[in-house]
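**Student:** The structure's right below; bear with me while I get my questions together.
Number of protein chains: 2
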Amino acid sequence: MPRLLRKAAPLGLVLDAASRTPLHRQIGEQVRRAILERRLAPGQRLPSSRLMASELDVARGTVLLAMDQLIAEGYVVAQAASGLSVATDLPDEMLTAPHGHPAGPPAADGAATAALSRRARLALHDATPTFGFEEAPLAFPTGQPDREAFPFALWARLLEREWRRPSWAVAGALHPFGHAGLRAAIAAYLGAARGFACEPESIVITSGMRQSLSLLAWLVLDPDDAAWIEEPGFVGTREALALAFVRTVPVPIDESGFAVERAMAAAPQAKLAVVAPAHQFPLGTVLGLQRRLELLSWAERHQGWIAEDDFDGEYRYAGRPLAPLRALDRSGRVAYLASFSKLLFPALRLSYVVLPTALVPAAEKRMAAEAARASLLGQGALARFIADGHLATHLRRTRLLYAARQEALIAGLERHLARWLKSARDSGGMHLIARPAAAIAPTFDDRAVVAAAAQAGIAVAPLSACHAGRRRRHGLILGYAGTPERAIDPACAALARVLRASTGR
Amino acid sequence: MPRLLRKAAPLGLVLDAASRTPLHRQIGEQVRRAILERRLAPGQRLPSSRLMASELDVARGTVLLAMDQLIAEGYVVAQAASGLSVATDLPDEMLTAPHGHPAGPPAADGAATAALSRRARLALHDATPTFGFEEAPLAFPTGQPDREAFPFALWARLLEREWRRPSWAVAGALHPFGHAGLRAAIAAYLGAARGFACEPESIVITSGMRQSLSLLAWLVLDPDDAAWIEEPGFVGTREALALAFVRTVPVPIDESGFAVERAMAAAPQAKLAVVAPAHQFPLGTVLGLQRRLELLSWAERHQGWIAEDDFDGEYRYAGRPLAPLRALDRSGRVAYLASFSKLLFPALRLSYVVLPTALVPAAEKRMAAEAARASLLGQGALARFIADGHLATHLRRTRLLYAARQEALIAGLERHLARWLKSARDSGGMHLIARPAAAIAPTFDDRAVVAAAAQAGIAVAPLSACHAGRRRRHGLILGYAGTPERAIDPACAALARVLRASTGR
Chain A
1 MPRLLRKAAP
11 LGLVLDAASR
21 TPLHRQIGEQ
31 VRRAILERRL
41 APGQRLPSSR
51 LMASELDVAR
61 GTVLLAMDQL
71 IAEGYVVAQA
81 ASGLSVATDL
91 PDEMLTAPHG
101 HPAGPPAADG
111 AATAALSRRA
121 RLALHDATPT
131 FGFEEAPLAF
141 PTGQPDREAF
151 PFALWARLLE
161 REWRRPSWAV
171 AGALHPFGHA
181 GLRAAIAAYL
191 GAARGFACEP
201 ESIVITSGMR
211 QSLSLLAWLV
221 LDPDDAAWIE
231 EPGFVGTREA
241 LALAFVRTVP
251 VPIDESGFAV
261 ERAMAAAPQA
271 KLAVVAPAHQ
281 FPLGTVLGLQ
291 RRLELLSWAE
301 RHQGWIAEDD
311 FDGEYRYAGR
321 PLAPLRALDR
331 SGRVAYLASF
341 SKLLFPALRL
351 SYVVLPTALV
361 PAAEKRMAAE
371 AARASLLGQG
381 ALARFIADGH
391 LATHLRRTRL
401 LYAARQEALI
411 AGLERHLARW
421 LKSARDSGGM
431 HLIARPAAAI
441 APTFDDRAVV
451 AAAAQAGIAV
461 APLSACHAGR
471 RRRHGLILGY
481 AGTPERAIDP
491 ACAALARVLR
501 ASTGR
Chain B
1001 MPRLLRKAAP
1011 LGLVLDAASR
1021 TPLHRQIGEQ
1031 VRRAILERRL
1041 APGQRLPSSR
1051 LMASELDVAR
1061 GTVLLAMDQL
1071 IAEGYVVAQA
1081 ASGLSVATDL
1091 PDEMLTAPHG
1101 HPAGPPAADG
1111 AATAALSRRA
1121 RLALHDATPT
1131 FGFEEAPLAF
1141 PTGQPDREAF
1151 PFALWARLLE
1161 REWRRPSWAV
1171 AGALHPFGHA
1181 GLRAAIAAYL
1191 GAARGFACEP
1201 ESIVITSGMR
1211 QSLSLLAWLV
1221 LDPDDAAWIE
1231 EPGFVGTREA
1241 LALAFVRTVP
1251 VPIDESGFAV
1261 ERAMAAAPQA
1271 KLAVVAPAHQ
1281 FPLGTVLGLQ
1291 RRLELLSWAE
1301 RHQGWIAEDD
1311 FDGEYRYAGR
1321 PLAPLRALDR
1331 SGRVAYLASF
1341 SKLLFPALRL
1351 SYVVLPTALV
1361 PAAEKRMAAE
1371 AARASLLGQG
1381 ALARFIADGH
1391 LATHLRRTRL
1401 LYAARQEALI
1411 AGLERHLARW
1421 LKSARDSGGM
1431 HLIARPAAAI
1441 APTFDDRAVV
1451 AAAAQAGIAV
1461 APLSACHAGR
1471 RRRHGLILGY
1481 AGTPERAIDP
1491 ACAALARVLR
1501 ASTGR
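So the sequences go chain by chain: A and B.
My numbering puts the first residue of the first sequence at 1, with every later residue one more than the last.
My numbering puts the first residue of the second sequence at 1001, with every later residue one more than the last.
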């Protein structure tokens, strides 16, 4: 069997152990060149990493590192069951010439295209659907709230009041952690709604979960340190940590959530765990109490840190929520991360992180040097919105709205899509996962379905994209919070037509 | 002489050419360890890179790469004339133990501090002054506009009107380039005020110069490609390009500005030039017409790209401005970058880049995947502010204000500071450069003066920090735009007391 594979892709790599170029880069460069020069054909399967490692007499990790880079660059794609293969959607002008220079004469806009970066040219040929920029999709965008429930007229009045005569501390953006009033309002809200006390001084307003996590990573991790992340999980977590040069170690999510013991076995030296205990993304799992205590005990014993991502914990439709890790934390190792953009409206772009007190002084230094701090324009108005009770009212209303939308989606899936997709109720959140039925699972390619659905005006997201590791499960993520109830049934019917066409069943 | 130096710091490095760790990392790690274990004492001079390279039999570039990393980490500092030496301000708990683990028993907050990253611990011991977060400094912050001139009451009304009933394209943040109305208003403004036509479709609203430049770098440069930057120049340029893994090549600024010929000699393969032709930061030089044409001709011949940073071109007090590169560009190679935060108020955080048309499709892909897009909260109001002529009015008023403030600063420098600092009028901008007088120049340390001035409530910035290369000129950057005229003379007197104390003259 290995013989066969070896013949399937005779890569002919030659490594120079004495070179200053690290081995993984030598591997990556030679495979990239083979692809660009068409010695490896689009769609061709690559030998397994194990086989390549043994053939080249290098560690398997070295091969994996090279392949990860090629996957990130778009030259190589990972398939669920069949390992790695050469991408089929490489732009023509990149092929047949080494180093990415076009071989033929430039086309009409060729002169300019030729001077684009490789990554930009790959992006141009990326088939990921984008919807018209002026209109939202008909149904199922992920992470979008309802479009009509937010009280914009009230919001406009609050903005006007805040900016009429702002202090220079606000207009001059002096405090690196953001608006003092907003930080006080958040602390009060967390005490009432999440059951833990925190000082406004330990809250940093950020422009999103990624910035919150970047800050935390900078504070507690050095380059090449390891962090545990959830598998599958939020892509932004991986991206933010990669930008901080942190090594991410994917840890599987089982029915009790993040598998702490497996994490410790896989990377005992990890210094940070990034978890979403209230409602895991994308699976919706709730981290069990036993696991919560294990994780806290790990952090205490190993001087580790925990990033608790509570991105949609506000939306819970059944049962009582468990106490957040931050509320159970006795040793000051938990940072609590949450966002307002998903709760109110996307253009808000305001998130926050509650830091362990010990990290505050270094965070002040870091944020004082940070060029891309969160916009202060809406922070004062948001402070008032929270303090005057409008946030609580808005959450109460949208909770009822979203619970009904989840019911409607469950009904729509059963009525129109049971032949292709199976799904289950979720006790909380703003989206559902639909997995392929057993009959179509082996050939189900979620990215292809996502692209076909986009043609029909429907936004669904591929589950496989949430995986960092090589074993990717396929499925669809359907956001219902931003889809009016009346649109759900017709959208399910339209999605059924897409699946019938693409599976032939 | 080399002998002497060699004895001055017997590093005893041993490199393993067969190791998978690149040579520059081997060098960096061994020097770092020697510092942490106190085998190299704080303040000790290091041998020259040339000597180290010859002793170790490696390329000088390899040694420079290792040293740059150590400088970035704060272990090593570069001095103007005397080369590199071990930092004197390393935190005690990092020393005497390898790998940065503290040796002694933890202090009161030691347990938590020990689990901070190395970079966070270094930041905590950084002596760079921070002002109280609730109050601005008494005088001379760089890049800050006047605190009272902006019409906030009008601004508040515009905000209220925009958010009363926003479209979902705005509230849902659908367009990855930002608010359509703002992009149209900017295009019209540029046509009238800068003399070039551009399509609103080619304008991307960003959260700052750094984001504009990151986008451009991503579009036209691949990792390890080279870009020319100005030396000295804006720190954010260097940082944004480094984050895009671009190699920056500092090009000296002479009396005609960016030295195009020297750039081509230093790095003929560069693909991007980042320049501020209207008013170079920090030197204030205007790029001559001949140089402008040379640069454009280079871009056309080599399929290179130009980032034209016009960060304060609005403030010109004498003479006629030259046409922007973008207005002279016949081959679509110039991206034009500017910002509103410095013109209106810092909390606005809105900048923009006018892209060459050929880059727009790939930029849409990139920005659609960008998590940290500019906040939309103020974009609609700013569109109205520009379209209704308020921007033009505000610029007219502040131009008079700032011209008078520059005069006052020149007078204050002459009255109080002539013994220590020399300066010259600038035909534009929002700051002046003051260089040490000949008598004190050899020992003048601008960072020390900046720290001492901060103690007196005065914000000045060190010229040396604007240098990317090893040869750093020292001097002070004094921002006058954000300093009321009445505060300028007393602040100069206070700065004189600081200089008298720190120079002993």
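By construction, the Cβ of each residue, glycine as well, lies at the ideal position given by its N, Cα and C atoms.
Quick caveat, the model's predicted, so the values are computed rather than measured.
Could you tell me whether any Cβ in chain B is nearer than 8 Å to the Cβ of A/W518?
**Tutor:** This structure leaves residue 518 of chain A out entirely; chain A is present only between 1 and 505.
**Student:** Since B/I1205 and B/V1354 are thought to touch, with beta carbons under 8 Å apart, how far apart are those beta carbons, to the nearest angstrom?
**Tutor:** Contact doesn't hold; Cβ gap of about 11 Å is too wide.
**Student:** Tell me the rounded alpha-carbon separation between A/T88 and A/E37.
**Tutor:** Looking at the two C-alpha atoms, the distance is approximately 14 Å.
**Student:** Taking 8 Å as the CB-CB limit, is A/V260 close to chain B?
**Tutor:** For A/V260, the answer is no, since every Cβ of chain B falls outside 8 Å of its Cβ.
**Student:** Can you give the Cα-Cα distance for B/H1099 and B/M1067, rounded to whole angstroms?
**Tutor:** At B/H1099, the pLDDT of 38 sits below 50, so the modelled position is not reliable and the matter cannot be decided from this model.
**Student:** Could you tell me if A/A192 is buried or exposed, where buried requires 16 or more neighbouring beta carbons within 10 angstroms of its beta carbon?
**Tutor:** Exposed, since its Cβ has fewer than 16 Cβ neighbours within 10 Å.
**Student:** For A/P436, report the span of its beta strand (DSSP E) as first-last.
**Tutor:** H431 to P436
**Student:** Please decide whether A/F140 counts as near chain B, where near means a Cβ-Cβ distance under 8 Å.
**Tutor:** no
**Student:** For A/G482, which residues from the same chain have a beta carbon less than 7 Å from its beta carbon, with the 5 sequence-adjacent residues on both sides left out?
**Tutor:** P141, Q144, P145, D146 and R147
**Student:** How would you label B/F1345, buried or exposed, when you count the other beta carbons within 10 angstroms and need 16 or more for buried?
**Tutor:** buried
**Student:** Indicate whether the contact test is met: 3 or more Cβ pairs, each with one atom in the region 314–331 of chain A and one in the region 159–179 of chain A, closer than 8 Å.
**Tutor:** no
**Student:** Would B/L1295 and B/V1260 qualify as a contact pair, given that the criterion is a beta-carbon distance under 8 Å?
**Tutor:** Closer than 8 Å, so yes.
**Student:** Quick one, are the C-beta atoms of A/A461 and A/V450 less than 8 Å apart?
**Tutor:** yes
**Student:** Buried or exposed: B/T1021, going by 16 or more other Cβ atoms within 10 Å of its Cβ?
**Tutor:** exposed
**Student:** Where does B/G1195 land, buried or exposed, given buried means 16+ other C-beta within 10 angstroms?
**Tutor:** Within 10 angstroms of the beta-carbon of B/G1195 lie fewer than 16 other beta-carbons, which makes it exposed.
**Student:** If we count the other Cβ atoms within 10 Å of its Cβ and call it buried at 16 or more, is A/L116 buried or exposed?
**Tutor:** buried
**Student:** Cβ of A/H416 within 8 Å of Cβ of A/C492?
**Tutor:** yes
**Student:** Taking B/G953 as the reference, which of B/H1125, B/I1027 and B/A1374 has the closest Cα?
**Tutor:** This structure gives no information on residue 953 of chain B, because the portion of chain B shown stretches from 1001 to 1505.
**Student:** Using three-state DSSP, classify A/R473 as helix, strand or coil.
**Tutor:** coil
**Student:** Where do the ends of the alpha helix (DSSP H) carrying B/V1031 lie?
**Tutor:** Looking at the DSSP string, the run of the alpha helix (DSSP H) that includes B/V1031 is L1023 to L1036.
**Student:** Can you tell which of A/C198, A/F281 and A/I306 has its C-alpha closest to the C-alpha of A/R291?
**Tutor:** A/I306
**Student:** Looking only at DSSP bridge pairs, what is A/G178 linked to?
**Tutor:** Per DSSP, none; premise fails for A/G178.
**Student:** On the DSSP letters alone, give me the boundaries of the beta strand (DSSP E) that B/R1247 sits inside.
**Tutor:** R1247 to D1254
**Student:** Can you find a C-beta in chain B that's less than 8 Å from the C-beta of A/A226?
**Tutor:** no
**Student:** Give the straight-line distance between the Cα atoms of A/A362 and A/R157, rounded to the nearest whole angstrom.
**Tutor:** 37 Å
**Student:** What would DSSP say about B/T1206, mapped onto helix, strand or coil?
**Tutor:** strand
**Student:** Whether or not the region 1381–1400 of chain B and the region 1223–1232 of chain B are in contact is what I'm after, with contact meaning three or more pairs of Cβ atoms, one per stretch, closer than 8 Å; do they touch?
**Tutor:** no
**Student:** So, is the C-beta of B/G1208 closer than 8 Å to a C-beta in chain A?
**Tutor:** yes
**Student:** Taking A/D222 as the reference, which of A/C198, A/D16, A/G208 and A/T248 has the closest Cα?
**Tutor:** A/T248
**Student:** With H, G and I counted as helix, E and B as strand and the rest as coil, what does DSSP make of B/W1218?
**Tutor:** Note: B/W1218 maps to helix in three-state DSSP.
**Student:** Since A/W298 is in the alpha helix (DSSP H), which residue starts that stretch and which ends it?
**Tutor:** L289 to H302
**Student:** Looking at B/A1372: is its Cβ nearer than 8 Å to the Cβ of A/Q211?
**Tutor:** yes
**Student:** Measuring straight from C-alpha to C-alpha, what distance separates A/I186 and A/P200?
**Tutor:** 8 Å
**Student:** Specify the secondary structure class of B/A1372 as computed by DSSP and reduced to three states.
**Tutor:** coil
**Student:** Judging by CA-CA distance, which residue of B/R1472, B/Q1455 and B/G1257 is the nearest neighbour of B/L1084?
**Tutor:** B/R1472
**Student:** Classify B/Q1406: buried if its beta carbon has 16 or more other beta carbons within 10 angstroms, exposed otherwise.
**Tutor:** buried
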